[in-house]
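Asker:
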Ligand code: GLN
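In the working numbering, the protein residues as written are 9 to 312.
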């Protein structure tokens with residue numbers, strides 16, 4: 009039999025305010041960055057509620073199930089598991105994407121890449137997204153444009169399963185008569201494609217972190233995000249060389265290639281594009297003022 013005081017103590021913990029305070033302190037002692045924010049977001053997720061309800065109804069009782077879920081979530085976050093792998097979701101371009109440990113968590117910086125593509129995307133265009141992961145880039149582009157279609161490729165089949173679920177959520181299920189706007193194919197970059205299919209736009213956020221830098225990343229990234237989504241090999245440029253080397257064969261004349269890059273890769277990637285015959289090569293910065301995107305236009309047939 010548990011003592012009266014043990015019940016009383018647990019009862020006190022089962023209200024929003026007390027539970028949040030317990031979560032915050034647990035995450036603080038585990039030295040989790042932004043412990044307060046994480047404690048609150050996880051509580052909102054466990055209780056299916058929002059910030060306002062937590063503020064206004066701090067004394068509201070929380071069910072035993074919600075309480076258990078919160079304790080488990082705090083324990084996971086204390087082990088540095090990323091918040092998004094616990095909740096299973098990440099917002100990107102105003103849309104909610106499902107994520108799990110098989111895909112990179114979509115980053116805000118990547119919205120810069122999507123926005124640059126959107127400026128050049130016209131109705132009905134055909135897009136290729138290499139290293140598609142959760143599908144966040146391709147699906148945002150299709151969501152914010154009309155009658156465009158695309159293929160997302162990735163070497164990881166478990167990642168593509170996530171992308172396909174995201175496609176069904178974001179673009180809706182297709183009837184058997186309808187053509188899918190997004191198709192996801194497994195394979196190494198262009199090898200996933202059927203023959204010599206051509207695209208108006210090729211976009212990619214490939215792995216671009218130098219191998220010896222990976223060990224210095226935050227534990228959330230280093231220990232939990234898929235290594236193959238991060239590792240750009242010795243000089244970080246491995247995938248850019250391969251993508252730029254092969255993209256021309258899959259672009260319409262005048263088609264465009266858009267690549268996300270690391271803050272110090274603008275010069276190298278621009279040079280690779282120019283050497284491969286791309287024109288109007290431009291670098292775009294992110295909101296922190298770092299180089300983030302490189303774009304180039306493939307020479308038109310007439311200009312060859
Ligand atoms: N395209 C996905 C993203 O930008 C995955 C990128 C990757 O795995 N390198 O989030």
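All C-beta atoms in this analysis are idealised placements derived from N, C-alpha and C, irrespective of residue type, glycine included.
The structure presented is a predicted model; accordingly, all values stated were derived computationally and were not measured.
(1) Can we count residue 228 as close to the ligand GLN, meaning its CB is less than 8 Å from some heavy atom?
(2) Counting Cβ pairs, one atom from each stretch, are 3 or more of them under 8 Å apart for the segment 95-106 and the segment 116-124?
(3) Excluding the five sequence neighbours on either side, which residues of its own chain have a C-beta within less than 8 Å of the C-beta of residue 67, listed in chain order?
(4) How long is the line joining the alpha carbons of residue 74 and residue 294, rounded to whole angstroms?
(5) Suppose the cutoff is 7 Å on Cβ atoms and the five residues either side in sequence are ignored; what does the same chain contact list for residue 244 look like?
(6) Does the beta carbon of residue 118 fall short of 8 Å from some heavy atom of the ligand GLN?
(7) Just to confirm, are residue 255 and residue 265 a CB contact at a threshold of 9 Å?
(8) Can you tell me where the beta strand (DSSP E) holding residue 72 begins and where it ends?
(9) Taking the beta carbon of residue 71 as the centre, do at least 16 other beta carbons fall within 10 Å, making it buried, or is it exposed?
(10) What do you get for residue 182, buried or exposed, if any count of 16 or more other CB atoms within 10 angstroms of its CB means buried?
(11) Would the beta-carbon of residue 112 fall within 9 Å of that of residue 225?
(12) Are the Cβ atoms of residue 83 and residue 53 separated by less than 9 Å?
(13) Would you kindly work out how many angstroms separate the C-alpha atoms of residue 250 and residue 173, rounded to a whole number?
(14) Since residue 211 and residue 106 are thought to touch, with beta carbons under 8 Å apart, how far apart are those beta carbons, to the nearest angstrom?
(15) Could you pull out every residue in the same chain whose Cβ sits closer than 6 Å to the Cβ of residue 93, ignoring the five residues on either side in sequence?
(16) Within 10 Å of its beta-carbon, does residue 44 have 16 or more other beta-carbons around it, so buried, or fewer, so exposed?
(17) Do you know offhand how far residue 197's Cα is from residue 61's?
(18) Taking only heavy atoms of the ligand GLN into account, decide whether any of them is closer than 8 Å to the Cβ of residue 137.
(19) For residue 7 and residue 187, what's the separation of their Cα atoms in angstroms?
(20) What are the boundary residues of the alpha helix (DSSP H) that includes residue 251?
(21) Output the boundary residues of the alpha helix (DSSP H) element that contains residue 212.
(22) Let me confirm a value: residue 282 is counted as buried when at least 16 other C-beta atoms fall within 10 Å, else exposed. Which label applies?
(23) Tell me, please, which residues DSSP counts as bridged to residue 293.
(24) Evaluate residue 114 with the Cβ neighbour count: other Cβ atoms within 10 Å of its Cβ, from every protein chain shown; 16 or more gives buried, anything less gives exposed.
(25) Where residue 38 and residue 91 are concerned, what is the direct C-alpha to C-alpha distance, given to the nearest angstrom?
(26) In its own chain, which residues sit with a C-beta less than 8 Å from the C-beta of residue 40, not counting the 5 before and 5 after it?
(27) List, from N- to C-terminal side, the beta strand (DSSP E) runs of 3 residues or more that fit wholly inside the segment 126-195.
(28) Is the beta carbon of residue 134 sitting closer than 9 Å to the one on residue 158?
(29) Please report the residue range of the alpha helix (DSSP H) in which residue 275 lies.
(30) Quick one: measure Cβ to Cβ for residue 162 and residue 139, integer angstroms, because I've assumed they're closer than 8 Å.
Answerer: In short:
(1) no
(2) yes
(3) 23, 24 and 25
(4) 39 Å
(5) 216, 217, 218, 270 and 273
(6) yes
(7) yes
(8) No beta strand (DSSP E) holds residue 72; the alpha helix (DSSP H) holding it covers 72-86.
(9) exposed
(10) exposed
(11) no
(12) no
(13) 28 Å
(14) With a Cβ gap of about 21 Å, residue 211 and residue 106 do not count as contacting.
(15) 109
(16) exposed
(17) 46 Å
(18) yes
(19) The chain is shown from 9 up to 312; residue 7 falls before or after that span and cannot be answered.
(20) 246-255
(21) Not the alpha helix (DSSP H): residue 212 falls in the beta strand (DSSP E), residues 207-212.
(22) exposed
(23) 299
(24) buried
(25) 14 Å
(26) 46, 85, 86 and 88
(27) 134-138, 157-162 and 190-194
(28) yes
(29) 274-283
(30) 6 Å
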